[in-house]
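A.B. asks: Chains as they are written, first to last, in the numbering used here: chain A, 711 to 1125; chain B, 35 to 388.
To start, I am sharing the structure in question, which I have written as structure tokens.
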Amino acid sequence: MTRRVSRLGIAATTAAVLVFATACGRSSAVRKAPTSSRGATRSPAAISKIALVAAEPAATSRDQLSRTIETMQARLSANPADSRAAVALSEALMRQARVTGNAGLASRALVALDAVLAATPNDYLALRERATVYLSMHRFRDALRDAEQARDRQPNDAWNYGAIGDAHLELGDYDDAFAAFDQMARLKPNAASYARVSYARELRGDLDTALRYMTMAAEATSPQDAESVAWHYAQIGHLQLQRGRLAESARAYARADHAFPRHPLAIEGQVRVALRRADYQGALALLAPRLAESPTPTDMALAGDAHLALGHTDQAERLYRLAEVAWESDTPEPARLARFLADRGRRLGDAVRIAESAARERRDIFTMDALAWSYFTAGRVADARQAMTEALRTGSRDLDIRRHATAINATAHRP
Amino acid sequence: MTSVRRCFAALLVAAAFTTALNAHPQSTTEVNIGVEGRRVEVLITADADPLARKLEALSNVSLGRVSVTTIEDWSDVVLDHSDLRADGRRVPLVWQRATPLEGGRVMIRLEAQLPADTASLTWASSLVFGAYPVVMHRGEVKLPAEWLQGTQVTTPVALDALVPPGGFRAIWRYFALGFTHILPNGFDHILFVVGLFLLNRQAKPVLMQVSAFTIAHSITLGLSLYGVVRLPASVIEPLIALSIAYVAVENLFTSTVKPWRVVLVFGFGLPHGMGFAEALARLDLPRSEFLRTLITFNVGVEAGQLTVIAVATAVVMALRFSPEQYRLRVVRPASAAIAAMGLFWTVTRLPWFS
Chain A
711 MTRRVSRLGI
721 AATTAAVLVF
731 ATACGRSSAV
741 RKAPTSSRGA
751 TRSPAAISKI
761 ALVAAEPAAT
771 SRDQLSRTIE
781 TMQARLSANP
791 ADSRAAVALS
801 EALMRQARVT
811 GNAGLASRAL
821 VALDAVLAAT
831 PNDYLALRER
841 ATVYLSMHRF
851 RDALRDAEQA
861 RDRQPNDAWN
871 YGAIGDAHLE
881 LGDYDDAFAA
891 FDQMARLKPN
901 AASYARVSYA
911 RELRGDLDTA
921 LRYMTMAAEA
931 TSPQDAESVA
941 WHYAQIGHLQ
951 LQRGRLAESA
961 RAYARADHAF
971 PRHPLAIEGQ
981 VRVALRRADY
991 QGALALLAPR
1001 LAESPTPTDM
1011 ALAGDAHLAL
1021 GHTDQAERLY
1031 RLAEVAWESD
1041 TPEPARLARF
1051 LADRGRRLGD
1061 AVRIAESAAR
1071 ERRDIFTMDA
1081 LAWSYFTAGR
1091 VADARQAMTE
1101 ALRTGSRDLD
1111 IRRHATAINA
1121 TAHRP
Chain B
35 MTSVRRCFAA
45 LLVAAAFTTA
55 LNAHPQSTTE
65 VNIGVEGRRV
75 EVLITADADP
85 LARKLEALSN
95 VSLGRVSVTT
105 IEDWSDVVLD
115 HSDLRADGRR
125 VPLVWQRATP
135 LEGGRVMIRL
145 EAQLPADTAS
155 LTWASSLVFG
165 AYPVVMHRGE
175 VKLPAEWLQG
185 TQVTTPVALD
195 ALVPPGGFRA
205 IWRYFALGFT
215 HILPNGFDHI
225 LFVVGLFLLN
235 RQAKPVLMQV
245 SAFTIAHSIT
255 LGLSLYGVVR
265 LPASVIEPLI
275 ALSIAYVAVE
285 NLFTSTVKPW
295 RVVLVFGFGL
305 PHGMGFAEAL
315 ARLDLPRSEF
325 LRTLITFNVG
335 VEAGQLTVIA
345 VATAVVMALR
355 FSPEQYRLRV
365 VRPASAAIAA
375 MGLFWTVTRL
385 PWFS
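Structural data, given as structure tokens:
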């Protein structure tokens, strides 16, 4: 009897221990985190619950974001392998990056996630989050690798298809991107997937459907999540601008600004609307605080345009020069720099060289447009046409691409 | 607005599950601030050609040529756009030199003297239109990089934070780190120690095993910290798990401490030490701190282990089992459970498992 009790005890204890061991995952010798949320041995259902907890939209105002970052950083100082803290910190930092423009925060997020993944290479949430961080750092191939690895582990997690699609999109692999977005929308029809479907439609030139989906995305966003609401309305403003509806566009940007005051995308959109209305003083007034504080190259380029339109050529020239060097070394974005140079007729030889270099890395339609326009302004019309064919391959109705295409075609067909 | 849309794909992740993104790459500029007594040295490293053109645009004076050498001509612009503050008051910076580096880079060296009794420092600059890292250090003590966007100001850095923690504070810090590495964070170490304890309740066998384990893990902890030995986590982790399984399985078949058991426990202690070293490696300690940290951390680990044994002893004493009952009702089920867990971990920690 005693032996039977003992055997039963062993069996029961072993079973209980195995369940516990599963939850505990990996060694505390190299990881001291609370270990209940390891993904490698969990079901998709468990993961999605964890994801929701980890991504709870608790921090959406500037103060809340700062508090979350401080709290999570303190937790990580005590235990650098605390996976949940690292993921929450990363999410807050990415959000902070979006509203401050401080791209360096992604590096901070990456350090935290790398520490977790070094200690616990199977940590699913950290891996998934790292794909997002890589995307923000323009490390698209790294993002794709992590996101695909995460997808292989959890094929039913819609998040991964979003990240995979985003990376393909940036690299110009549109078919793969759209397929990933479709899969994402099938798995989880929510604001995130609606927004992606919207962008896919926009790239194909279907602006009306794109607007409908983006509106659905905005409506599906929690009003508590003010930053996200602002982001979605800024996208609606952009689509309205592309459709030539200035009043609707202005309203959407104003709504974004109201939801999250001074959101960079809202301000930039309002400036673009002002420029389209030839309200150059208004554009400069909107840009003034940003120019005095932490101007981006785009801010300086737009302010330069406004000054040029007002006849302030010296000021425009100075801002253009600063925008150039900023796009070159402070916020390095070669395709945008090339397009800027070609659009303003500056350093045309450099524009071609920079655009060619960018096109070697990625062949998305905007990079190909930059290349086409650089060739065109440098007098290489045949090359321009060839590049423009690639820029037009999705059927996008982007205003700049269409303007460039029209000019290139007109010259190409001139006798 | 096209520019905004250029970033759309990356930003879309922002909308996913409320995660946010910024889709701008980082600046090529870096700032390194070193404090030595009252002297502060600021090193600004950047791409030379864009910096020269930026300084020219900011100065509104064209020299008709732009190169690394012309950066010296705009030293006033660099100083005007650099803002070092001691307790909120601007400290005059003095231009030293601009040194060309490989890969078209340049390093600008500025210096300043801090007022006596300065408590904190801040840095800001309007030279960078993007995100760049600022690192502050004093001797070997280096703070993590703070990323600034454009004209953003660093959080005030207390000069005390740049002094290695000394005395009781440091001892307590590393002791606590060692202790918490066992209790409550080191569940697998706890099981290993419990496995050692279960075999025989008497003090001598327990002490023999724990001593062998302690000596072994102390050796590899020290060697790992000094970089003499290093094994990847993919090797250490399964070995630790295997050690747990082994001691537990042996408990099922014997009740006496054989000599080979002590030798094996010593052998198993070696990977545990390398595991402990991971916790210290993350602290990014200066080499001068190694020995003190090693000793205090290890004492903390031992204290954690002794606490586990003390609790286990108290539980076993409270049960008041005879030796036969103890073996039947405690040693066998508990060892079986520990063995199962150890084997499970061994398999799941193998690199190819995932």
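Note that beta-carbon positions come from the ideal geometry of N, C-alpha and C, so glycine has one too.
1) Please name the residue or residues paired with B/Glu75 in a DSSP beta bridge.
2) Does the pairing of the stretch 323 to 330 of chain B with the stretch 223 to 234 of chain B give three or more beta-carbon distances under 8 Å?
3) Against chain A, does B/Ser277 count as a neighbour if the rule is that its beta carbon must be under 8 Å from one of theirs?
4) What is the residue span of the alpha helix (DSSP H) that B/Thr62 lies within?
5) Compute the distance between the beta-carbons of B/Val175 and B/Leu118, then report whether it is under 8 Å.
6) Does the stretch 782 to 794 of chain A come into contact with the stretch 957 to 970 of chain A, if we say contact requires no fewer than three beta-carbon pairs (one atom in each stretch) closer than 8 Å?
7) When DSSP labels each residue in this structure, what does A/His973 get in the three-state scheme?
8) What residues of chain A sit near B/Ala91, judged by a beta carbon separation below 8 Å?
9) Would a check of beta-carbon distances place A/His973 closer than 8 Å to chain B?
10) With DSSP as the reference, label B/Ala279 as helix, strand or coil.
11) Is A/Glu1003 near B/Thr185, with beta carbons less than 8 Å apart?
12) Check this for me: beta carbons of B/Ala267 and B/Ala373, under 8 Å apart or not?
13) Let me know if B/Lys292 comes out buried or exposed under the rule of 16 or more other beta-carbons within 10 Å of its beta-carbon.
14) Could you list which residues in chain A have their beta carbon closer than 8 Å to that of B/Lys176, in chain order?
15) Quick check: the stretch 73 to 92 of chain B against the stretch 1033 to 1052 of chain A, are there 3 or more CB pairs under 8 Å?
16) Show which residues of chain A have a CB atom less than 7 Å away from the CB atom of B/Pro84.
17) Which residues does DSSP pair with B/His171 in a beta bridge?
18) Mind checking which residues open and close the alpha helix (DSSP H) that includes B/Asp390?
19) Could you run through the stretch 212 to 242 of chain B and flag, in chain order, every residue whose CB is less than 7 Å away from some CB of chain A?
20) Short of 8 Å Cβ to Cβ, which residues in the stretch 999 to 1016 of chain A face chain B?
21) Interface residues of chain B around A/Ser817 at Cβ under 9 Å?
22) Is there a Cβ of chain A sitting closer than 8 Å to that of B/Asn94, yes or no?
23) Which same chain residues end up closer than 8 Å to A/Ala1011 when comparing Cβ atoms and leaving out the 5 residues on each side of it in sequence?
24) Starting from the Cα of A/Leu1058, find the closest Cα among A/Asp1024, A/Arg1072, A/Leu845, A/Ala1088 and give me that residue.
25) Closest to B/Val262 by CA distance: which of B/Pro239, B/Val283, B/Gly307 is it?
26) What are the partner residues of B/Asp81, as DSSP defines its beta bridges?
27) Tell me B/Ala132's beta-bridge partners as DSSP assigns them.
28) Can you give me the start and stop residues for the beta strand (DSSP E) that B/Thr156 sits inside?
29) Strictly under 8 Å for the Cβ-Cβ distance: is B/Arg87 near chain A by that measure?
30) Fully enclosed by the stretch 288 to 337 of chain B, which alpha helix (DSSP H) runs are 4 residues long or longer?
31) Here's the rule I'm using: 16 or more other beta-carbon atoms within 10 Å means buried, otherwise exposed. How should A/Pro790 be labelled?
32) Using the beta-carbon of each residue, which ones in chain A are nearer than 8 Å to B/Val162?
33) Buried or exposed: B/Trp294, going by 16 or more other Cβ atoms within 10 Å of its Cβ?
34) Pick out the complete alpha helix (DSSP H) segments inside the stretch 863 to 894 of chain A, 4 residues or longer, and give them in chain order.
35) Could you list which residues in chain B have their beta carbon closer than 7 Å to that of A/Glu1043, in chain order?
36) Please state whether DSSP places A/Ala905 in a helix, a strand or coil.
C.D. replies: Result, derived from the coordinates:
1) Per the DSSP secondary-structure output, B/Glu75 pairs in a beta bridge with B/Gly68, B/Glu145.
2) The stretch 323 to 330 of chain B and the stretch 223 to 234 of chain B do not touch, with fewer than 3 CB-CB distances between them shorter than 8 Å.
3) It does not: the Cβ of B/Ser277 has no partner Cβ on chain A nearer than 8 Å.
4) Premise fails: B/Thr62 is in no alpha helix (DSSP H) and is neither H nor E.
5) Here B/Val175 is not near B/Leu118, since their CB atoms are 8 Å or more apart.
6) The stretch 782 to 794 of chain A, when compared against the stretch 957 to 970 of chain A, does not touch it at the 8 Å Cβ threshold.
7) Reduced to three states, the DSSP call for A/His973 is coil.
8) Ordered by position in chain A, the residues that pass the 8 Å Cβ test against B/Ala91 are Arg1028, Arg1031, Leu1032, Val1035.
9) Chain B has no Cβ within less than 8 Å of the Cβ of A/His973.
10) When secondary structure is reduced to three states using DSSP, B/Ala279 falls in the helix class.
11) Result yes, Cβ atoms of A/Glu1003 and B/Thr185 sit closer than 8 Å.
12) B/Ala373 is positioned such that its CB atom lies no closer than 8 Å to that of B/Ala267.
13) Taking every protein chain shown into account, the CB of B/Lys292 has fewer than 16 other CB atoms within 10 angstroms, so this residue is exposed.
14) Within 8 Å of the CB of B/Lys176, no CB atom of chain A is found; the nearest one sits about 14 Å away.
15) Three or more pairs of CB atoms, one per stretch, sit closer than 8 Å, so the stretch 73 to 92 of chain B contacts the stretch 1033 to 1052 of chain A.
16) Within chain A, the residues near B/Pro84 are Val1035, Glu1038, Ser1039.
17) According to DSSP, which records beta bridges pairwise, B/His171 is partnered with B/Gly68, B/Lys176.
18) No statement about residue 390 of chain B is possible, as the shown extent of chain B runs from 35 to 388 and does not include it.
19) Among the residues of the stretch 212 to 242 of chain B, those with a Cβ less than 7 Å away from any Cβ of chain A are His215, Asn219, Gly220, Phe221, Asp222, His223, in the order of the chain.
20) With the criterion set as a beta carbon lying under 8 Å from some beta carbon of chain B, the members of the stretch 999 to 1016 of chain A are Glu1003, Ser1004, Pro1005, Thr1006, Pro1007, Thr1008, Met1010, in sequence order.
21) Simply Gln60, Ala165, Pro167, Ala179, Trp181.
22) Yes - at least one Cβ of chain A is within 8 Å of the one on B/Asn94.
23) Contacts found: Leu1029, Tyr1030, Ala1033, Phe1050.
24) Of A/Asp1024, A/Arg1072, A/Leu845, A/Ala1088, the residue nearest in Cα terms is A/Ala1088.
25) Measuring from the Cα of B/Val262, the nearest candidate turns out to be B/Gly307.
26) Looking at the DSSP assignment, B/Asp81 forms a beta bridge with B/Arg139.
27) The partner list for B/Ala132 (beta bridge, DSSP) reads B/Ile142.
28) Under the DSSP assignment, B/Thr156 falls in the beta strand (DSSP E) whose first and last residues are 154 to 159.
29) Proximity of B/Arg87 to chain A, defined by a Cβ-Cβ separation below 8 Å, is satisfied.
30) For the stretch 288 to 337 of chain B, whole alpha helix (DSSP H) runs of length 4 or above, ordered along the chain, are 293 to 315.
31) Answer is buried; the Cβ neighbour count reaches 16.
32) Residues of chain A passing the Cβ test: Asp1040.
33) When all chains shown are included, B/Trp294 counts as exposed.
34) Fully contained in the stretch 863 to 894 of chain A are the following alpha helix (DSSP H) runs of length 4 or more, in chain order: 868 to 881.
35) Here the neighbours are Pro59.
36) Three-state result, A/Ala905: helix.
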